[in-house]
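Count the sequence shown with numbering that gives the first Met the number 0 and you get residues 0 to 195, in order. Okay, so here's the structure we're looking at.
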Amino acid sequence: MHIVKPVAKIPHYTSANLQIMKNNVLITGFMGVGKSRTARALAAATGLFAVDTDDLIESLAHCSVSAIFAKQGEAAFRCLEQDVADWLASSVDKTIVSTGGGFFMVRNLMDLGHVFYLHADFDAIHQRLLAQPGGQHIAKRPLFQDLDQARKRYHDRLPHYRQKAHHIIETKGRESSAIALHIKDILLDQQLLAQP
Ligand code: S3P
Numbered sequence: 000m001h002i003v004k005p006v007a008k009i010p011h012y013t014s015a016n017l018q019i020m021k022n023n024v025l026i027t028g029f030m031g032v033g034k035s036r037t038a039r040a041l042a043a044a045t046g047l048f049a050v051d052t053d054d055l056i057e058s059l060a061h062c063s064v065s066a067i068f069a070k071q072g073e074a075a076f077r078c079l080e081q082d083v084a085d086w087l088a089s090s091v092d093k094t095i096v097s098t099g100g101g102f103f104m105v106r107n108l109m110d111l112g113h114v115f116y117l118h119a120d121f122d123a124i125h126q127r128l129l130a131q132p133g134g135q136h137i138a139k140r141p142l143f144q145d146l147d148q149a150r151k152r153y154h155d156r157l158p159h160y161r162q163k164a165h166h167i168i169e170t171k172g173r174e175s176s177a178i179a180l181h182i183k184d185i186l187l188d189q190q191l192l193a194q195p
């Protein structure tokens, strides 16, 4: 007798199936704070799409972020970030956007959507990166190679991250999934998310 195995159930990620009323949701914060993970968890909790500015830059430039820094330098990378911001402004709506740690410097950040700054202390971020399996998390970040410079950059940026945000989210001791649910609650409270 031929036994047909049941087909594995495809996970249903869009159970909430919510719709954002206006504009995008942007996740900002320092390198390694967990922006991409939070964006993915928020996508899973809402059914919205999520894109990542570093991924968009890599597809635009046909090379990795590290290679752009190595071959063309930081200024060229910042120009690409502005190109991505301009493209988001003209073409992307109702989407979750996780950003690179320096993306907050684009001219039009707060016009792109609701900005959520994820905050953690520098040492907590450093420990988080060290604890990630595979050891690639520091290696793939050109601006985290020198610890003292990274710490200085963090402190220089801190007031700007805070200033260029609609919401500041404390991440201490919380998983990305819990942070995502907190962001979702804020969006629901402010009637920025609703059933379609
Ligand atoms: C940068 C952060 C990186 C990446 C690039 C520059 C920054 O993204 O965009 O290396 O200036 O802080 P992550 O925040 O995802 O590491």
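The beta carbon of each residue, even a glycine, is placed where N, CA and C say it ideally should be.
Closest by C-alpha distance to residue i, when choosing among the options
i: residue 177; options: 40, 17, 31, 22; result: 40
i: residue 166; options: 80, 87, 74, 114; result: 114
i: residue 108; options: 120, 87, 122, 119; result: 87
i: residue 123; options: 132, 170, 145, 54; result: 170
i: residue 168; options: 116, 51, 59, 55; result: 116
Cβ-heavy atom distance, residue i to the ligand ZN, below 7 angstroms
i: residue 158; result: The ligand ZN is absent from the structure shown, which contains only the ligand S3P.
Straight-line Cα distance separating residue j from residue i
i: residue 76; j: residue 185; result: 32 angstroms
i: residue 89; j: residue 83; result: 10 angstroms
i: residue 91; j: residue 164; result: 19 angstroms
i: residue 189; j: residue 96; result: 19 angstroms
i: residue 31; j: residue 110; result: 24 angstroms
i: residue 102; j: residue 80; result: 6 angstroms
i: residue 70; j: residue 105; result: 22 angstroms
i: residue 161; j: residue 61; result: 32 angstroms
i: residue 93; j: residue 26; result: 14 angstroms
i: residue 153; j: residue 192; result: 32 angstroms
i: residue 99; j: residue 29; result: 8 angstroms
i: residue 57; j: residue 63; result: 5 angstroms
i: residue 137; j: residue 85; result: 29 angstroms
i: residue 36; j: residue 179; result: 9 angstroms
i: residue 142; j: residue 187; result: 36 angstroms
i: residue 23; j: residue 147; result: 34 angstroms
i: residue 173; j: residue 49; result: 21 angstroms
i: residue 112; j: residue 67; result: 27 angstroms
i: residue 118; j: residue 139; result: 21 angstroms
i: residue 135; j: residue 73; result: 20 angstroms
i: residue 59; j: residue 38; result: 21 angstroms
i: residue 157; j: residue 149; result: 12 angstroms
i: residue 9; j: residue 151; result: Note that residue 9 scores 40 on pLDDT, short of 50, meaning its location in the model is unreliable; the coordinates nonetheless yield the value given after this. When rounded, the distance between both Cα atoms is 45 angstroms.
i: residue 51; j: residue 121; result: 22 angstroms
Check your understanding: What alpha helix (DSSP H) runs, 4 residues minimum, are completely inside the segment 68-142?
Key -> 73-90, 121-130, 135-138, all fully within the segment 68-142.
Check your understanding: Which whole runs of the alpha helix (DSSP H) in the segment 151-178 are 4 residues long or more, in chain order?
Key -> none
Check your understanding: Do three or more CB pairs link the segment 128-144 to the segment 33-53 at distances below 8 angstroms?
Key -> no
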